[in-house]
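For the sequence shown, position 13 (counting from the first letter as 1) is numbered 13 according to full-length UniProt numbering, and the numbering increases by one without interruption.
For each residue, glycine too, the CB sits at the ideal point set by N, CA and C.
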Amino acid sequence: MNELRQLKFTLPMIHRNSQYSKLAKNIENTVREGRHSISQEFDMEIDDEAITALKDANISIMQASDGSYDYEFEF
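1) What residue from N2, N17, L23 and R5 has the CA that sits closest to F73's CA?
2) Taking all protein chains shown into account, decide if A57 is buried (16 or more other Cβ within 10 angstroms of its Cβ) or exposed.
3) Quick one: what's E28 bridged to in DSSP?
4) Specify the secondary structure class of E33 as computed by DSSP and reduced to three states.
5) Going by the CB atoms, is the gap between I46 and I27 shorter than 9 Å?
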């Protein structure tokens, strides 16, 4: 749980992109609601540093197989 809270601060700092801020907020709200996964669409591939931060927080990332930038995050 602490790792997920840390993402709230880490993700937006990795890449000055509002999509990462939105993702961090969505993850925080989802955890608060007791759910364990969310989906989010990005306008580009997720940055390697963001992937590392997510994996460090024990979040698995799956990209849609259709070539779009839709991602599923499970924690």
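From the atom records:
1) Out of N2, N17, L23 and R5, L23 has the C-alpha closest to the C-alpha of F73.
2) With 16 or more other Cβ atoms within 10 Å, it is buried.
3) Answer is none; E28 lacks a bridge partner.
4) In the structure shown, E33 sits in coil (DSSP, three-state: anything other than H, G, I, E or B).
5) No, Cβ-Cβ distance for I27 and I46 is not below 9 Å.
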